[in-house]
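Engineer:
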Amino acid sequence: MRVGLTGGIGSGKTEVARVFAALGAQVIDADVLAREAVAPGSDGFAAVARRWPQAVRDGTLDRAALAAIVFNDPAEREALNAIVHPRVRARAAELERSTSNERVVVHVVPLLFEGDYWKACDATVVVTAPKELRIARVQARDGLSRDEIERRMEAQIDPAEASRRATFTLENDADLATLESRSRAVWASLAARDSRPPERNAR
Ligand code: ATP
Numbered sequence: 506m507r508v509g510l511t512g513g514i515g516s517g518k519t520e521v522a523r524v525f526a527a528l529g530a531q532v533i534d535a536d537v538l539a540r541e542a543v544a545p546g547s548d549g550f551a552a553v554a555r556r557w558p559q560a561v562r563d564g565t566l567d568r569a570a571l572a573a574i575v576f577n578d579p580a581e582r583e584a585l586n587a588i589v590h591p592r593v594r595a596r597a598a599e600l601e602r603s604t605s606n607e608r609v610v611v612h613v614v615p616l617l618f619e620g621d622y623w624k625a626c627d628a629t630v631v632v633t634a635p636k637e638l639r640i641a642r643v644q645a646r647d648g649l650s651r652d653e654i655e656r657r658m659e660a661q662i663d664p665a666e667a668s669r670r671a672t673f674t675l676e677n678d679a680d681l682a683t684l685e686s687r688s689r690a691v692w693a694s695l696a697a698r699d700s701r702p703p704e705r706n707a708r
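If you count by my numbering, then the sequence shown holds residues 506 to 708, one letter each, in order.
(1) Taking DSSP as the reference, what is the three-state secondary structure of T683?
(2) Which residue comes first and which comes last in the beta strand (DSSP E) that contains A628?
(3) In the segment 514-598, which residue ranges form an unbroken alpha helix (DSSP H) of at least 4 residues, counting only runs that do not cross its ends?
(4) Let's see if you can read the secondary structure: which residues bound the alpha helix (DSSP H) around E607?
(5) Alpha carbon to alpha carbon, what distance is there between D678 and S694?
(6) Using three-state DSSP, classify L638 as helix, strand or coil.
(7) When we look at the beta-carbon of K624 and count the other beta-carbons within 10 Å, is it buried (16 or more) or exposed?
(8) When you compare the CB positions of L510 and A526, do they come within less than 8 Å of one another, or not?
(9) For I654, I'd like the list of residues in its chain whose CB is within less than 6 Å of its CB, leaving aside the five on either flank, ordered along the chain.
(10) So is the beta-carbon of L684 under 7 Å away from any non-hydrogen atom of ligand 1?
(11) Express the C-alpha separation of F673 and V691 in angstroms, rounding to a whole number.
(12) From D578 to I514, what does the alpha carbon distance come to, in whole angstroms?
(13) My output table needs one value for V508: the three-state DSSP class, helix, strand or coil.
(14) Taking the Cβ atom as the reference point for each residue, do V631 and I533 lie within a distance shorter than 8 Å?
(15) Measuring CB to CB, does R568 end up less than 8 Å from V575?
(16) Just mark T633 as buried or exposed, buried being the case when its beta carbon has 16 or more other beta carbons within 10 Å.
(17) So E676 is in the beta strand (DSSP E); what residue range does that whole segment cover?
(18) How should S688 be labelled, buried or exposed, when 16 other C-beta atoms within 10 angstroms of its C-beta is the threshold for buried?
(19) Which of the three DSSP states is assigned to V613 in this structure?
(20) What is the DSSP secondary structure of R705, reduced to helix, strand or coil?
(21) I'd like to confirm something about A679: is its beta-carbon nearer than 7 Å to some heavy atom of ligand 1, or not?
(22) Would DSSP call L649 helix, strand or coil?
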């Protein structure tokens, strides 16, 4: 079973993925793969360094400098996506192939509904949280400014729309223990869907 897990910046999808992993999921995180795709020594890194030499310092990627370039310019963002996305897709497929059939595979994809990967999923889960809480959590985690966080939010689907399209919505408006118990409930529902005979499975 392939599950797509998404949510806007600071919604809590990494925390949910952690719970699913503890329950036995094979988690494949697109953000982690995106970092690996441009790791020093990779061909992705070489492609980025050719296009944006100003974002390379001492042989490593200055991620903040690159983010500043691409978040302010859609054409630059497209160019970076064209380098990163095919590599992420190839690696995700490879990891999925090496996973045993009985395991649920959870793909953590920040822009799940902005692209069409959701169509290839058996079920989708969106994590939502009130905007102010998300901003506070990201500020505490990354030290980004409110402006930068809001710009990133604007590049993402409206959470209410994501929620309408997802199979399950996890509201992350309380503490982490609450998020964990809600995640466990969704996991149980996913498992129930998985065990139904194929002809009764609403796909
Ligand atoms: P991004 O897309 O920015 O990577 P994300 O959706 O993966 O965000 P997380 O990294 O899971 O979000 O959560 C953002 C931050 O908020 C983390 O530091 C996380 O530990 C914290 N956090 C998430 N949920 C809660 C919660 N219910 N209570 C307290 N802190 C939380």
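Yeah, the Cβ is synthetic: ideal placement off N, Cα and C, and Gly gets one too. Just so we're clear, the structure is a prediction, and the values are computed from it rather than from any experiment.
Structural biologist: Reading off the structure:
(1) Helix, per DSSP.
(2) Where A628 is concerned, the enclosing beta strand (DSSP E) starts and stops at A628 to T633.
(3) Counting only unbroken stretches of 4 or more residues, the alpha helix (DSSP H) elements lying wholly within the segment 514-598 are 518-527, 535-542, 548-556 and 568-576, in sequence order.
(4) Premise fails: E607 is in no alpha helix (DSSP H) and is neither H nor E.
(5) So the two alpha carbons sit approximately 21 Å from each other.
(6) If DSSP states are grouped into helix, strand and coil, L638 belongs with the helices.
(7) Answer is exposed; the Cβ neighbour count stays below 16.
(8) No, the Cβ-Cβ distance between L510 and A526 is not below 8 Å.
(9) These residues qualify, in order along the chain: I640 and V643.
(10) Checking the Cβ of L684 against ligand 1 gives yes.
(11) Answer to the nearest angstrom: the Cα atoms are 7 Å apart.
(12) Rounded to whole angstroms, the gap between the alpha carbons of D578 and I514 is 19 Å.
(13) Here DSSP, grouped into helix, strand and coil, assigns V508 to strand.
(14) No, they are not a contact pair.
(15) A distance of 8 Å or more separates the beta carbons of R568 and V575.
(16) T633 counts as buried, since no fewer than 16 other beta carbons sit within 10 angstroms of its beta carbon.
(17) According to the DSSP assignment, E676 belongs to the beta strand (DSSP E) that extends over F673 to E676.
(18) With 16 or more neighbouring CB atoms inside 10 Å of its own CB, S688 falls in the buried class.
(19) The three-state reading of DSSP puts V613 in strand, counting E and B together.
(20) With a pLDDT of 46 at R705, under the threshold of 50, the predicted position of this residue should be treated as unreliable, though the coordinate-derived value follows. Note: R705 maps to helix in three-state DSSP.
(21) It does: the Cβ of A679 is within 7 Å (strictly closer) of some heavy atom of ligand 1.
(22) L649 falls in the coil class under three-state DSSP.
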